[in-house]
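See the structure below:
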């Protein structure tokens with residue numbers, strides 16, 4: 001850990017503009033510079049970070065092992081303005097003795113709210129109905145127009161029953177949906193809330209009229225939903241993803257939608273966001289959002305504050321609960337001794 005005197009504020013480079021309250025605090029506690037260009041900082045981070053003590057990076061910034069290795073020696077701590085940290089090579093940061101902080105817990109409820117919105121949008125065909133209205137195609141009422149599905153007769157399959165998955169389950173149960181889930185391990189009964197556990201993803205899929213993807217992004221889970229597994233869903237099932245785009249083979253999903261195997265999708269995350277596959281834009285029966293799961297004023301503020309808490313803890317010699325790699329301090333200590 002590091003300590004700074006009251007007269008020497010740590011220099012902080014933020015690669016995106018925080019909310020006003022977070023910006024005000026960051027300017028008060030740090031010598032702050034904000035990257036305000038319209039595009040992501042990318043490789044320019046290496047040069048821009050020269051002389052800075054800490055980085056506050058955004059989910060779209062890719063800090064792989066190569067970039068971590070090339071960061072200036074001045075950089076002593078990194079915080080990401082997200083709960084997910086697959087865009088930061090934490091192992092590489094640990095090898096350099098750089099602690100990494102994220103923003104867990106504060107966005108659970110907001111992301112679960114958005115997941116439920118996407119479940120409703122997919123089930124009730126709201127995107128298609130709205131397009132019909134906006135394009136002047138709303139004609140005479142007929143019993144067969146704009147038909148969707150009733151949630152209370154549907155089964156919700158949750159892939160990944162962590163904090164967000166459990167919050168989605170609570171909301172879906174209130175709509176009368178039967179809950180099924182797959183997780184690395186079964187939850188205690190009090191957390192299952194009557195949900196049915198499936199030991200494998202293959203077992204879960206046939207019981208999922210709506211599949212909500214809530215799993216973490218890891219190399220082992222990349223393209224977990226491929227053509228073979230999508231074929232295991234009930235025909236016409238709906239797929240919602242609020243986790244990470246890499247969990248779904250997008251080409252396989254496009255084919256499944258066009259073939260009618262998947263009846264509708266609700267998507268907030270994509271493989272190469274923001275430069276998404278153009279086929280998404282022409283995909284029927286789809287509700288698409290630009291990764292706004294945590295986008296409420298309250299949550300984005302809380303995320304920024306938690307990221308600053310982590311960085312502040314490093315420079316005041318304390319240990320924060322949102323530290324991802326405690327071993328980084330052991331490495332830093334060994335470097336200092338040597």
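Numbering (the numbering used here), first residue to last: 1 to 338.
The beta carbon of each residue, even a glycine, is placed where N, CA and C say it ideally should be.
Given the structure is predicted, the values throughout are model-derived calculations rather than measurements.
Note to self: Suppose you measure from the CA of residue 100 to the CA of residue 207; what does that come to, to the nearest Å?
What the structure shows: 39 angstroms
Item checked: Coil, strand or helix - residue 241 by DSSP -> strand
Next item on the list: Would you please state the rounded distance, in angstroms, between the beta carbons of residue 238 and residue 210? I believe it to be under 8 angstroms.
Entry: 5 angstroms
Next item on the list: Output the distance between the C-alpha atoms of residue 222 and residue 234, rounded to the nearest integer angstrom.
Entry: 22 angstroms
Notebook entry, point to check: Mind checking residue 330: buried by the 16 CB within 10 Å criterion, or exposed?
Noted result: exposed
Check: Would the stretch 75 to 82 and the stretch 308 to 325 be scored as touching if the rule is three or more Cβ pairs under 8 angstroms?
Finding: yes
Check: Helix, strand or coil: which one does DSSP assign to residue 248?
Finding: strand
Item checked: Cβ distance (whole Å) where residue 296 is taken to contact residue 118 below 8 angstroms -> Going by Cβ atoms, the distance from residue 296 to residue 118 rounds to 16 angstroms, so no, they are not a contact pair.
Note to self: So, under 8 angstroms CB-CB, residue 112 and residue 164 are touching, yes? Tell me the CB distance rounded to an integer number of Å.
What the structure shows: 6 angstroms
Note to self: Please tell me whether residue 76 and residue 98 are closer than 8 angstroms, where the distance is taken between their beta carbons.
What the structure shows: yes
Margin query: Suppose the cutoff is 6 angstroms on Cβ atoms and the five residues either side in sequence are ignored; what does the same chain contact list for residue 313 look like?
Written below: 320
Check: By DSSP, does residue 227 sit in helix, in strand, or in coil?
Finding: helix
Check: For residue 5, does the count of other Cβ atoms within 10 angstroms reach 16, so buried, or fall short, so exposed?
Finding: Reliability of the predicted coordinates at residue 5 is poor, the pLDDT of 48 falling under 50, and the value obtained from them is presented with this limitation in mind. Classification of residue 5: exposed, given that the 10 Å Cβ count is below 16.
Notebook entry, point to check: What residues in its chain sit with their C-beta under 6 angstroms from that of residue 68, if we drop five residues either side in the sequence?
Noted result: 89, 92, 93
Checklist line | Three-state class that DSSP yields for residue 17 in the structure shown | finding: coil
Next item on the list: Report all residues from its chain with a CB closer than 8 angstroms to the CB of residue 227; omit the five preceding and five following residues, and keep chain order.
Entry: 249, 252, 255, 256
Next item on the list: Kindly list the residues whose CB is nearer than 6 angstroms to the CB of residue 14, restricted to its own chain and excluding five residues on each side of it in sequence; keep chain order.
Entry: 34, 56
Next item on the list: Compare the C-alpha of residue 169 against each of 126, 125, 114 and name the closest.
Entry: 114
Note to self: Within 8 angstroms, do at least three Cβ pairs link the stretch 20 to 38 to the stretch 301 to 318?
What the structure shows: yes
Check: Are the beta-carbon atoms belonging to residue 11 and residue 31 less than 8 angstroms from one another?
Finding: yes
Check: Which same chain residues, not among the five before or five after residue 332, have their C-beta less than 7 angstroms away from its C-beta?
Finding: 97
Notebook entry, point to check: Between the stretch 130 to 137 and the stretch 102 to 111, do at least 3 Cβ pairs fall closer than 8 angstroms?
Noted result: no
Checklist line | residue 197 - partner residues in DSSP beta bridges | finding: 181
Item checked: Closest by C-alpha distance to residue 247, when choosing among 218, 122, 231 -> 218
Notebook entry, point to check: Going by DSSP, what residues sit across from residue 155 in a beta bridge?
Noted result: 178
Next item on the list: Give the secondary structure of residue 286 by DSSP, where H, G and I count as helix, E and B as strand, and everything else as coil.
Entry: strand
Next item on the list: For residue 64, collect the residues of the same chain with a Cβ closer than 7 angstroms to its Cβ; drop the 5 residues on either side in sequence, then sort them by chain order.
Entry: 89
Notebook entry, point to check: When DSSP labels each residue in this structure, what does residue 128 get in the three-state scheme?
Noted result: helix
Next item on the list: Return the chain-ordered list of same chain residues with a C-beta closer than 8 angstroms to the C-beta of residue 39, the five sequence neighbours on each side being excluded.
Entry: none
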